[in-house]
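Working notes for the structure below.
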Amino acid sequence: MKNKRYLLDAIKNFQPEFIAAWEKAVSKSANEVPITELTTHLRQGNLLSAIALVEASPESFIDVEDAVRQAHRNGFDATAGAIPRIMRDGSPVVMRLSPRNFRAEAWLVNHSATLIKGLTETARDTVRAHLVYGVENGINPRKVALQLLGQKGRDGVRRGGVIGLTPKQLQTVQSYRAALESGDYSNALGRSLRNKRYDKMLKSGKKLDTATVDKIVDSYSNNSLKYRATVIAEQETRVAMAEARTETFRQTVEKGYLNNDEIRRFWITRRDSRVRDSHDRIPGMNKDGVNLNQPFNTPDGAVYDAPHGVGCRCYVDVRITVNR
739 MKNKRYLLDA IKNFQPEFIA AWEKAVSKSA NEVPITELTT HLRQGNLLSA IALVEASPES
799 FIDVEDAVRQ AHRNGFDATA GAIPRIMRDG SPVVMRLSPR NFRAEAWLVN HSATLIKGLT
859 ETARDTVRAH LVYGVENGIN PRKVALQLLG QKGRDGVRRG GVIGLTPKQL QTVQSYRAAL
919 ESGDYSNALG RSLRNKRYDK MLKSGKKLDT ATVDKIVDSY SNNSLKYRAT VIAEQETRVA
979 MAEARTETFR QTVEKGYLNN DEIRRFWITR RDSRVRDSHD RIPGMNKDGV NLNQPFNTPD
1039 GAVYDAPHGV GCRCYVDVRI TVNR
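Residue numbers for the sequence shown follow the working numbering, so the first one is 739 and each next one is one higher.
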């Protein structure tokens, strides 16, 4: 390949765009909720109506779905562009590859549907948990609504809410607020996602008023949203581009530009202390690589591709062994 890091570079370059798509989806969800109506439902104790008013729909994540499609296209283009010129019988092979064939489109539809379903269900669980918590703890309805949706800035965009967080992250935000309100500042100072510009204030030990607590928690919530956006972007960009790369090489074989045995895949780790022991052993178990259709030998059995789960940074390097 012309550039061994072509896919990693494409992934890294596209992640900010994916993060922006996620943040846009979350912001749109928060801004579309009529806060006065939400407050009224909560004040009247009509929890089911309040939940229904805020619950996300698949359409809320259209920008994320578009980002997955663009990541796949970028991965396809990056792979096709990295394939070196191939000579057959003294003449260069002209390759015509398409990211829009039936198989690629089917993968995009199925993957996007699964992703959006998961995001929608998580958003619903978070909204439900936040509103139930507010009602059960007798928190002012208006405050519950604002904590959920965030405060509007001068640009009219709401920020600092908890829409977009997972239920577990929501609990972390709630416990952070509880620590600030109770004066447990050592707890608050131990949070990695805190806004450190407030550290001096917390270290002073002075009691914080409600407005200050709200401001600090909003900042913490924003950082939590950014963290989740980054995790989702890393995961989904890597998955989409890895699939696009595989699709690209499938087409080179199907159209006769390359033979299956002229393509070798190698499992690559980051070679640092964070690599899992089981993954660290895989490159040595597949020293000569595997072809396009072969799985890798691993301590856990045969695996076709490096996992794209959260925390795993392994990837597969594809190399072409053909006379040029």
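Even glycine gets a Cβ: it sits at the ideal position worked out from N, Cα and C. Keep in mind that this is a model prediction, so the values were computed, not measured.
Task: CB of Val832 within 9 Å of CB of Met825, strictly - done: It is not a contact, given that the beta carbons lie outside the stated cut-off.
TODO: With DSSP as the reference, label Met825 as helix, strand or coil.
DONE: The answer is strand: DSSP assigns Met825 an E or B state.
- [ ] Could I get the ranges of all uninterrupted alpha helix (DSSP H) runs contained in the segment 911 to 986, with 4 residues as the minimum, in chain order?
- [x] Counting only runs of 4 or more, we get 923 to 927, 937 to 941.
TODO: Could you tell me the distance, in whole angstroms, from the CA atom of Gly888 to the CA atom of Gln753?
DONE: Rounded to the nearest angstrom, the two C-alpha atoms are 25 Å apart.
Open item on the list: Among Leu857, Thr864, Gln808, whose alpha-carbon lies nearest the alpha-carbon of Arg838?
Closed with: Arg838 has its Cα closest to that of Gln808, out of Leu857, Thr864, Gln808.
Open item on the list: Can you confirm whether the segment 947 to 963 touches the segment 775 to 795 when touching is taken to mean that 3 or more C-beta pairs between the two stretches lie within less than 8 Å?
Closed with: When C-beta atoms of the segment 775 to 795 are compared with those of the segment 947 to 963, fewer than three pairs fall below 8 Å, so the two segments do not count as touching.
- [ ] Specify whether the segment 889 to 905 and the segment 860 to 875 touch according to this definition: at least 3 beta carbon pairs, one from each stretch, less than 8 Å apart.
- [x] Contact holds: three or more Cβ-Cβ distances are below 8 Å.
TODO: Please check the pair Thr1036 and Ser1011, which I expect to be a contact at CB under 8 Å, by giving their CB distance rounded to whole angstroms.
DONE: That belief does not hold up - the Cβ atoms of Thr1036 and Ser1011 are roughly 20 Å apart, past 8 Å.
Open item on the list: Rounding to the nearest angstrom, what Cα-Cα distance links Arg1062 and Leu996 in this structure?
Closed with: A caution first: Arg1062 carries a pLDDT of 47, below 50, which makes its placement in the model too unreliable to give a value.
TODO: Below 8 Å CB to CB, which residues in the same chain sit around His700 once its five sequence neighbours on both sides are set aside?
DONE: Because the chain spans 739 through 1062 in this model, residue 700 falls outside it and cannot be assessed.
TODO: Could you say which of Ile757, His810, Thr817 lies nearest to Arg743 if we only look at CA atoms?
DONE: When only C-alpha atoms are compared, the closest one is Thr817.
Open item on the list: Using 8 Å for Cβ pairs, my map puts Asp999 next to Asn1029. What's the rounded Cβ distance?
Closed with: The pair is a contact, with the Cβ atoms about 6 Å apart (cut-off 8 Å).
TODO: Could you tell me the boundaries of the beta strand (DSSP E) in which Ile1001 lies?
DONE: Note, Ile1001: beta strand (DSSP E), 1001 to 1006.
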